[in-house]
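Colleague: Dumping the structure here so I can ask a few things about it.
In structure tokens:
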């Protein structure tokens with residue numbers, strides 16, 4: 014087409030050195046001199062997987078990335094040519110017929126059933142399956158909640174009524190082993206999977222649930238690599254039972270978590286398809302197909318406090334799942350970490366998908382990040398990290414042996430500690446939790462659904478701050494005062510920034526703040542935090558604090574000048590360990 018013109022062709026060309034010079038100028042503020050040679054190192058963002066996200070990507074960064082194929086072709090990183098995704102709702106407990114009818118009327122196309130784990134509930138879930146038309150509604154059972162007999166009952170239902178696209182038995186012995194340290198009837202699961210091949214329908218037998226690894230603290234690369242190892246182990250079992258490698262590959266679906274890290278989550282789904290395509294090539298599948306992906310908004314990112322922020326987190330994650338090419342999407346209710354979902358929470362969850370599909374038309378564009386230097390580079394970097402972890406697992410005897418030996422748990426623990434430190438220091442801020450916390454107190458917390466335990470831990474980013482909030486709330490409910498006095502030095506213009514900083518920090522631990530002036534009397538005990546400018550501290554802080562009673566714990570908002578810090582003062586500032594400070598403050602306020 015001769016009328017095409019190059020992008021920005023009317024502008025003079027710019028090179029990387031010009032950008033570095035401009036960026037260095039922007040960073041050289043407040044007396045700080047930044048060299049253009051140091052710009053990219055300063056602006057890079059390290060990741061849990063060991064690579065660094067750069068501030069600028071150009072065609073030069075794409076030199077080692079193979080040109081991606083068309084959508085629907087190997088290596089399948091670009092996904093498939095499909096219109097949208099299946100809206101798959103997770104229903105916990107034993108939802109009645111009215112709840113299921115409400116879901117279907119609201120546009121839900123698939124049901125992910127997670128009944129309670131007991132015999133009575135098992136009998137009830139069989140009746141529940143009988144009440145669903147599986148020929149028009151896709152059904153998948155939760156492997157952690159259902160015994161083998163429930164999966165077998167669902168298979169009988171598929172034979173009798175047919176199975177809607179996207180249906181699956183949901184078997185996952187390795188996921189069970191990882192989550193509960195019990196793998197269940199592996200041979201029975203393999204035998205049942207073989208019977209799925211006799212159905213005249215596109216039904217999967219296994220759902221390799223990578224959210225188990227995500228919730229234990231795995232990075233994106235570790236989650237993908239572990240899922241690939243689980244899928245490979247499952248295929249080996251099927252092949253050993255006499256199932257052809259091509260058929261074995263068709264029996265697997267993969268479930269991945271997506272977070273509010275939008276671009277990383279898009280690249281993660283693309284990387285997972287790239288890695289699995291390579292696994293199938295090595296396994297000898299002559300015509301690999303794209304990995305079947307069920308995306309779930311991350312339980313790890315949800316908070317119990319200010320749950321409305323979870324709607325925003327879920328929306329970003331759901332967009333990433335759609336843009337990343339997932340075939341099915343479950344948006345967890347925004348109250349999932351706090352309590353079982355009610356009708357409103359379920360409606361909000363499914364409507365996030367509907368808005369993205371019907372109003373934003375996210376599903377109308379295949380692989381929107383495809384061809385982006387940044388997107389392609391990040392996809393390959395996540396895939397490389399995943400492949401290295403997969404090789405490490407395979408070289409150590411496979412995933413089962415690594416789960417038993419603790420290799421997997423130890424690796425995830427190390428990754429989690431890095432993330433946890435970032436959260437504690439608020440370099441990875443959590444809105445509504447560590448930043449701008451909601452001051453509403455919770456006196457009683459309903460129990461949310463918690464999967465069976467015994468294996469890898471189930472973690473959330475907000476749990477450290479929430480534990481502190483729970484302690485403070487319990488103390489207030491018992492009639493105790495949980496208050497820090499903020500000693501404001503100078504005028505409002507001079508002290509407001511650090512007063513605001515201190516309020517925000519202490520509120521993250523459920524601690525109230527009372528602003529007092531220098532003319533007010535000292536309390537007999539408790540915690541007093543001085544808030545003012547560095548100049549005010551130099552001029553009057555020592556004299557002011559000299560009058561503090563011995564039982565008063567002294568804090569100062571701001572970093573101490575080098576060599577001038579005092580052991581009797583706790584300094585709060587950007588980069589301090591917020592949870593450690595809050596823990597110490599609650600102890601000094603005698604909140605056990």
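Residue numbers (this note's numbering): 14 to 605. For every residue, glycine included, the Cβ atom is placed at its ideal position computed from N, Cα and C.
Buried or exposed: residue 423, going by 16 or more other Cβ atoms within 10 Å of its Cβ?
Modeller: With fewer than 16 other Cβ atoms within 10 Å, it is exposed.
Colleague: Classify residue 402 as buried or exposed, calling it buried when 16 or more other Cβ atoms lie within 10 Å of its own Cβ.
Modeller: buried
Colleague: Taking DSSP as the reference, what is the three-state secondary structure of residue 392?
Modeller: Annotated three-state conformation of residue 392 is helix, per DSSP.
Colleague: Per DSSP, which one or two residues make a beta bridge with residue 539?
Modeller: 565
Colleague: Once you ignore the five residues that flank residue 91 on each side, which residues in its own chain have a CB closer than 6 angstroms to its CB?
Modeller: 81, 84, 380 and 383
Colleague: Rounded C-beta distance between residue 592 and residue 478? I'm assuming under 8 angstroms.
Modeller: 7 angstroms
Colleague: On the three-state DSSP scale, how would you describe residue 342?
Modeller: strand
Colleague: Which residues does DSSP pair with residue 637 in a beta bridge?
Modeller: It is not possible to answer for residue 637, since the shown part of the chain is limited to 14 through 605.
Colleague: What residues in its chain sit with their C-beta under 6 angstroms from that of residue 566, if we drop five residues either side in the sequence?
Modeller: 540 and 601
Colleague: Quick one: any contact between the segment 345–365 and the segment 238–255, if contact means 3 or more CB pairs under 8 angstroms?
Modeller: no
Colleague: Sort 388, 284, 106 and 586 by Cα distance to residue 136 and report the nearest one.
Modeller: Closest in C-alpha terms to residue 136, from the list 388, 284, 106 and 586, comes 106.
Colleague: Which residue from 229, 72 and 364 puts its Cα closest to that of residue 426?
Modeller: Looking at 229, 72 and 364, the one whose alpha-carbon comes closest to that of residue 426 is 229.
Colleague: Looking only at its chain, what residues have a beta carbon closer than 7 angstroms to the beta carbon of residue 275, apart from the 5 residues adjacent to it on each side?
Modeller: 329, 332 and 333
Colleague: Report back the beta-carbon spacing between residue 599 and residue 543 to the nearest angstrom; my notes put them in contact at under 8 angstroms.
Modeller: Contact flag wrong, Cβ pair sits at about 20 angstroms.
Colleague: Helix, strand or coil: how does DSSP classify residue 570 here?
Modeller: Under the three-state reduction of DSSP, residue 570 is assigned to strand.
Colleague: Can you give the Cα-Cα distance for residue 187 and residue 205, rounded to whole angstroms?
Modeller: About 16 angstroms.
Colleague: Does the contact criterion of 3 or more C-beta pairs under 8 angstroms hold for the segment 266–283 versus the segment 311–318?
Modeller: yes
Colleague: Just checking my contact of residue 177 with residue 148 at CB under 8 angstroms: how many whole Å lie between their CB atoms?
Modeller: 6 angstroms
Colleague: Output yes or no for whether 7 angstroms exceeds the beta carbon distance between residue 232 and residue 412.
Modeller: no
Colleague: Could you check the C-alpha separation between residue 238 and residue 292 for me, to the nearest Å?
Modeller: Answer to the nearest angstrom: the Cα atoms are 11 angstroms apart.
Colleague: Drop a sphere of 10 angstroms on the beta-carbon of residue 340, count the other beta-carbons inside from all chains shown, and report buried for 16 or more, exposed for fewer.
Modeller: buried
Colleague: Label residue 14 either buried or exposed according to how many other C-beta atoms from any shown protein chain fall within 10 Å of its C-beta, with 16 as the threshold for buried.
Modeller: Only weak support is given to the placement of residue 14: the predicted model assigns it a pLDDT of 47, under 50, and the value that follows is read from those uncertain coordinates. Counting Cβ neighbours within 10 Å, residue 14 comes out exposed, since fewer than 16 surround it.
Colleague: Alpha carbon to alpha carbon, how far is residue 429 from residue 515? Give it in angstroms, no decimals.
Modeller: 27 angstroms
Colleague: Compare the C-alpha of residue 606 against each of 261, 562, 415 and 322 and name the closest.
Modeller: The chain is shown only over 14 to 605; residue 606 falls outside these bounds and no answer can be derived.
Colleague: Hey, would you say the C-beta of residue 474 is under 6 angstroms away from at least one heavy atom of the ligand ATP?
Modeller: This structure does not include the ligand ATP; it has no bound ligands of any sort.
Colleague: Please state whether the Cβ-Cβ distance between residue 370 and residue 97 is less than 7 angstroms.
Modeller: yes
Colleague: Is residue 279 helix, strand or coil when you go by DSSP?
Modeller: In this structure, DSSP gives residue 279 a helical state, which the three-state scheme calls helix.
Colleague: For residue 438, which three-state DSSP category applies?
Modeller: coil
Colleague: If you draw a straight line from the C-alpha of residue 23 to the C-alpha of residue 40, how long is it?
Modeller: 29 angstroms
Colleague: Which first and last residues belong to the alpha helix (DSSP H) in which residue 174 is found?
Modeller: Following the DSSP letters along the chain, one finds residue 174 inside the alpha helix (DSSP H) bounded by residues 161–174.
Colleague: With DSSP run on the structure shown, which of helix, strand or coil describes residue 70?
Modeller: Here residue 70 carries a coil assignment [DSSP, helix/strand/coil].
Colleague: Grouping DSSP H, G and I as helix and E and B as strand, with all else coil, what is residue 478?
Modeller: helix
Colleague: Pull up the CB-CB distance for residue 95 and residue 125, whole angstroms please, since I reckon it's below 8 angstroms.
Modeller: That pair is no contact at about 19 angstroms.
Colleague: Thinking C-beta only, is residue 604 closer than 7 angstroms to residue 495?
Modeller: yes
Colleague: Nearest-angstrom Cα distance between residue 469 and residue 526?
Modeller: 39 angstroms
Colleague: Among 26, 350, 181 and 393, which one has its Cα closest to the Cα of residue 64?
Modeller: 393
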